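From first to last, the protein sequence lines are chains Z, S and A. So the first sequence is numbered by the numbering used here: it starts at 3 and just counts up by one. So the second sequence is numbered by the numbering used here: it starts at 973 and just counts up by one. So the third sequence is numbered by the numbering used here: it starts at 274 and just counts up by one.
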Amino acid sequence: MFTVPSLSDLNLAATLPATLLALGASVLLVLDLFVPKGRKALTAWLALAVLGVSLIVALLSLGDVVDLGTGEGAFFGLYIADSFTDAVSVIVLVTAMLGVAVAYNYLERTGMQRGEYYVLLLFSALGAMLMGAAGDLVTVFVALELLSIPLYILSGFRWRDEGSEESALKYFILGAFASGFLVYGIALIYGATGTTAFGGIWAATRDLLAADAATKYVLLLGAGMVLAGLGFKVAAVPFHMWTPDVYQGAPTSVVAYMSVAAKVGGFAALVRVLAWGLPDFVLSGQSAAAWQSTVWLIAALTMILGNVVAVAQNNLKRLLAYSSIAHAGYILIAVAAMGTAGVANEAARAVVIYLMAYAFTNVGAFAVIVAVERDDGGHTDIDNVRGLAKEQPVLAASMAVFMLSLAGVPLTAGFVGKWFVFKAGLAADLVPVTVIGVLTSAISAYYYLRVIWFMYFEEGEGKAQIAWPLAWGISVAAIGTLILGFFPYLLSDMARGIALAFGG
Amino acid sequence: MNVNWFSADYLPWLILFFPLLSFVIIVLGTIRNVVASQVVAIAGIGISWVLSMILFAKAVWLADETLGEHVYGSAIDWLHLGANTFRMGVQVDPLTAYMLLMVPLASLLIFIYSAGYMHGDPHEARFFAYLSLFVGAMLTLVVADNLLMLFIGWEVMGFCSYSLIGFWFHKKSAMEAGVKAFMTTRVADVLMLVGIGYLFIMTGRMEDGPGFTLSFQDILRNEEMLKFLVNAQSVIWGTSAATLISVLLITGTVGKSSQFPLHVWLPDAMEGPTPVSAMIHAATMVSAGVYMIVRMFPLLSAGANFHHFEYNTAMYYMGIVGSVTALGAAVLAVGQSDIKRILAYSTISQLGYMVAALGIGAWVAAAFHLVNHAFFKALLFMASGSVIHAMEHGEHHAAEHGHPHEHHEEPDGLVMDYCAPPNDVNRMGGLLHRIPITAITMAIGGLSLAGFPLVTAGFWSKDEIIAEAWHGGLWNDPYPLFVLIMLLLGALLTAFYTARMWFLAFWGKPRTPAAQYAGPGWLRDRWVKWWNKQPFSGEDKLEQEHADPVTNRSAMLMEIPLMVLSFFAITGGWIGIHKDIVGKNPLHDFLAPTLLEHPEVVPFDFTPMLVSMIVALGGLGLGWWLYGRKPLAAGQTDPTEAALGPGIWKMLQNRLYIDILYRNYIVRPLERAAEKIVVEGIDRDTIDASLESIAEAAIWLGEAFKRFNTVVIDGFVDTTVEGIGSFAGWFRQIQTGRIQQYLLFVTLALLALGTLFLIQVR
Amino acid sequence: MEAPAVATELYVLLSAVLFILGALGVLLRRNAILVFMSVELMLNAANLALVAFARQWGNGGGHLMVFFVMTVAAAEVAVGLALIVAIYRTKKSIDIDLLHRFKD
């Protein structure tokens, strides 16, 4: 009556990229104790190695070079190993590697060089990866917390500095509040459908709608609360308020990493929940999923608020914080598009493409701020990049590339991402919100160009501190941004295999 | 893969490659070495020009008759989209070949001219880098075989124009002008991009079609596709997809080619160095806009049967916007004193002719005028640059001769009726004897612009547009008649302001010391010798003057391109004379196969030709009567000003108060509303200004209409940034930094969203 | 075995009340530790709902989730208390309303 599952039933091999990372992180946690204080470079290298191995495995799996495990499910459906999982893993791992490269010198010169940094970074990367692999709401919740808790700690990593501590506590309280909503939402969905697995939810939703039971309101409420919980993670309006404050206060190297990783994780989970769990949640008399109009409304608000408020910012970290809010809005267009039958796969691909483009660009942009920032954490205003082009021509040129990419100028990765997202929006007949997207990205050109203007056309000191791991990180990010912009088929090929089983 | 890079199929890649290569080399290598940068830039465009000529020759003399049905070209796979593959490539059909005759040549001459004009500027190398990128982008646009690649060139050009207009970034006015140009064209670009995206989506919906595509061949030479687009319903107002796409694309041109109502950026673009103006007005930017609608004409006119005077929405849109622009800009050009601004409005007006020509189906005429205009407008701009240069020199010379420098205060930012002293035609006079080559070449360019009958290029192409409007207008329909009347009035004014400009600048006696000592230009010594020998010189004998070799060299570099362009400003028109006059119209025969449905030739009619001759000669004659017969003396009022009265004159100089009105009625109220001090009321200035303008409106009919345009359009563009700024201030109030207020906000927002969520369930 | 004595709806209602109480606590209390306790209350309200639903459906999914929520909550508290201690050291106060250094 109760069969004990064997190890092979778990299909452990399919989870290899994540498993390797989990093992590596755990081992590193112990190993770091034996690394002497002055030689934390070793920890950083080991972290890079763990990420690298995991990245290679994920890439091989994504490219269908090797076939890990049997079938797409592992741990009885808690973990799903398909192209989407692999693509999300690749994005997260690339981000994490850049994050390590960006952090090393910064930690050294600001006196924060401690081994936990890298271990925590690995664990949060694991959380983000698992969010993309989630096949069950339990996985979503655990992965979300695994992503978030290390990030709370990292935000406060410059302890004894009021700013860093404040930002950590703010992030924590707002995050915990959002978790509460998520968990309660999960409870309600479970109450309505009797299961937490996406497959089961999907099947139950159909029955529920067919029977037209009143329980569908419970489901609706639960879905709304889950949406709010994840919306917080991706910094969508109205759950965005923590973003600028936390980004400004947290150590910049942390922000470089978390601005992308948290977003990737959040969106991956959103795609899984909405396109896999609830695609057929179509109320009678409507053609698109019940959540679509809400999501596109949030997308519109997010784009407008993010872009408009960014115009008025003078602190670069805050400016990029609002910019990251705005970018969440663009991606939400694609998420909303998933609600239209037949567009789901295309839209999910657009999400992945956008995130990949965004990863290189945004980590790069923050890395430049890391270089400009002083040891005491100050010097991050837009005034501080005045004349950067004269003193540091390569650094300024890289920043210009990142800014142009964020603005979505053709021949940069950002343009490719926007192209696919807007295309998905149009394909789903979400014309108004797509137009808002296009118009607000025209607004965004203003504040991105302003940064370029300050670097190139204003006189100033333009001091920056660059050492080689940071220089490599910035170069990789800049070259990646350009390559993906020149050869967009790299991105579209990466996402080609993504097909969500139920959403279609 | 075997690629013969010099076959006509691959040559276009090389043509666009070399200027881009120059850009890269200058940026990465020679940025600190001015001479090397000049050489690299000129070599890049030079090679490109040679290759273009080879390609053009091949297209004209060596091609099979079917060029058009088949095109030269090649493409690479660029993006996999499910079942389709998006290909990026180049193509050369007759239209592209004709453009390749003009773009590299005009650009090459502008480059050579820049070497003289920018001499001594601290950022000269960077200037050449931008110019190279600018041309590279334009060439990309011209040889592109699909709309996306065209759009990439289009956007890169937008960026270059922003950088080049604001090139002298220490000047606040230049910076503002750059931003204005960028923001204005960007508004249009965004709409155009939506159009492109929509076209892309629609092509994919066609059954048994080519799938998702933006390729010109797949769309424009595919009757099924055009029919499908005409019949497909679009998302808005039950219009067809073709109409919606066309209107969006044309809007892109309205911004790029500076058509009413987005014409506001071009006159301010004068703040950039003069070679940039020549570039923007002739070879690249604005030509790109018209080129795009010429290229997309089969789509824009899909569903219309204009040979039988049935037009569609897109054509009405083009015709009305074009002809309103053609006349309106000509009116404004009459009231300008800045030589470059006169030319700027004349460009806007001439582009209006081309757009209006497409609006009535005169496709060949539009392409013809596009290329002719590029030649004579490049000539005019470069000549005006030479004039300005000479005037600046004159100022220094005058100081050496004991005339103290006049003190000019540069305004801080854009001021509408401010005219920089060296640009002011009222401060010139008699320059014919100082810079004779410039004077003569500018006269040739001016005659071409005015459409001097039978000889000049401008006459033949403008005449063809007018003839087509006449053909449709007199017998059939009020719409072509409207276009015809607007264009004829515009032509009259064009001839008039051209004559005014030339006579004010070059004729009579110098009106300031600066003009007296201007230049001297290249070959002035010969001119002096020749002049003094002539019996009509009478008492006015000129003195020889020693010019130092450096000045002489840069004057030469600037004036040689003028002479080359003069040749084209005359002869460029001879290839397109109506076949009933000379037996064969080679241009028409060459271009016609570009379109699937070959354009028809309207029967030759002597009347419109006579009318356009009368109009051109009348305008020139009026100009001569007012300015040539009795040249303006120093301190005398401009006769046009005297005739119109100071009120209207001031209005024209202030560009119909466009920007002042916008400041009073849009920006300030917005700012106030944002600052929540509406209560404090409107200040005195605004009240006075509004009373004043009400009086003006009553005096001058038609003003109201233009004011509408001003407020809505200029206001929209210029306020965008400030408006956003004040909204941002409002939004920022919620960002208090207090956790619990955030939480409260989140909770309230959640309740609101939840309510919405539940409402739609019901 | 024997019939349930209390209807599921009542449990869920109670959990909703607890959840709202928790949310109000987070919104209104200024002491950071009390705010944490309120967050815990929200999570436990969800746990109650999960257990009630699990009994209703007769499967283990709800219980499973509850275990994870409890574990994660413990981890959260550990981090949260550490943060509070750190903040107390620098500010000598755990009033969260004093934290508004960053704002627009």
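Where is the CB? At the ideal position from N, CA and C, for every residue including glycine. Just so it is clear, the structure is predicted and the values come from calculations on it, not from any experiment.
Query: Please report how far the alpha carbon of residue 252/Z lies from the alpha carbon of residue 261/Z, in whole angstroms.; Result: 11 Å
Query: For the structure I just gave you, are there three or more beta carbon pairs, one from the region 1181-1200 of chain S and one from the region 1243-1263 of chain S, closer than 8 Å?; Result: no
Query: Between 214/Z, 90/Z, 445/Z, 478/Z, which has its C-alpha nearest residue 266/Z's C-alpha?; Result: 90/Z
Query: Between the alpha carbons of residue 365/Z and residue 359/Z, how many angstroms are there, rounded?; Result: 10 Å
Query: Comparing the C-beta of residue 376/A with each C-beta of chain S, is any distance below 8 Å?; Result: yes
Query: In chain A, what lies closer than 7 Å to residue 1708/S by C-beta?; Result: 373, 376
Query: Roughly how many angstroms separate the alpha carbons of residue 532/Z and residue 311/A, rounded to a whole number?; Result: Any property of residue 532/Z remains undetermined from this structure, which presents chain Z solely from 3 to 506.
Query: Quick check on the DSSP output: what are the complete beta strand (DSSP E) runs of length 3 or more inside the region 1239-1306 of chain S, in order along the chain?; Result: none
Query: Which residues, in chain order, does the region 1715-1727 of chain S contribute to contact with chain A at a C-beta distance below 9 Å?; Result: 1715, 1716, 1719
Query: Below 8 Å between beta carbons: does that hold for residue 127/Z and residue 98/Z?; Result: yes
Query: Check this for me: beta carbons of residue 1481/S and residue 1605/S, under 8 Å apart or not?; Result: yes
Query: Look up residue 1058/S in the DSSP assignment and give the residues it is bridged to.; Result: 1051/S
Query: Classify residue 1544/S as buried or exposed, calling it buried when 16 or more other Cβ atoms lie within 10 Å of its own Cβ.; Result: buried
Query: Run through DSSP, which three-state label would residue 1396/S get?; Result: strand
Query: Could you have a look at residue 1044/S and say whether DSSP puts it in helix, strand or coil?; Result: strand
Query: For residue 1064/S, which residues does DSSP report across the bridge?; Result: 1044/S
Query: Could you tell me the alpha carbon to alpha carbon distance between residue 1231/S and residue 1284/S, rounded to whole angstroms?; Result: 20 Å
Query: Along the alpha helix (DSSP H) that carries residue 1345/S, what are the first and last residues, could you check?; Result: 1335-1372
Query: Does residue 383/Z come out as helix, strand or coil in the three-state DSSP assignment?; Result: strand
Query: Measure the CB-CB distance between residue 1197/S and residue 1175/S and report whether it falls below 8 Å.; Result: yes
Query: Any beta-carbon of chain S closer than 8 Å to the one on residue 358/A?; Result: no
Query: Which of helix, strand or coil does DSSP assign to residue 1005/S?; Result: coil
Query: Does the CB of residue 1679/S have a neighbour CB from chain Z at under 8 Å?; Result: For residue 1679/S, the pLDDT reaches just 46, beneath the cut-off of 50, and the residue's location in the model is therefore unreliable, leaving the point undetermined.
Query: Buried or exposed: where does residue 316/Z fall if 16 or more other Cβ atoms within 10 Å of its Cβ makes it buried?; Result: exposed
Query: Got a sec: which bits of the region 1594-1612 of chain S sit with their beta carbon under 8 Å from any beta carbon on chain Z, in order along the chain?; Result: none
Query: Measuring straight from C-alpha to C-alpha, what distance separates residue 1505/S and residue 1591/S?; Result: 32 Å
Query: Quick one: grab the DSSP three-state call for residue 304/A.; Result: strand
Query: Quick check on residue 1166/S - is its C-beta less than 8 Å from some C-beta in chain Z?; Result: yes
Query: Beta-carbon of residue 990/S versus every beta-carbon of chain Z: anything under 8 Å?; Result: no
Query: Just to confirm, is the Cβ distance from residue 438/Z to residue 243/Z under 8 Å?; Result: no
Query: Note down the Cα distance separating residue 1409/S from residue 1403/S, rounded to an integer number of angstroms.; Result: 10 Å
Query: Can you tell me which of the three DSSP states residue 1537/S falls into?; Result: helix
Query: Grab me the residues of residue 334/Z's own chain with a C-beta within less than 7 Å of its C-beta, minus the 5 sequence neighbours each way, in chain order.; Result: 238, 297, 300, 301, 304
Query: Just the C-alpha distance for residue 1138/S and residue 1542/S, rounded to the nearest angstrom, thanks.; Result: 33 Å
Query: Given a threshold of 16 other Cβ atoms within 10 Å of its Cβ, counted over all protein chains shown, does residue 215/Z qualify as buried or as exposed?; Result: exposed
Query: Check distances from the C-beta atoms of the region 290-324 of chain A to those of chain S and list, in chain order, the residues that come in under 9 Å.; Result: 296, 299, 300, 301, 302, 303, 308
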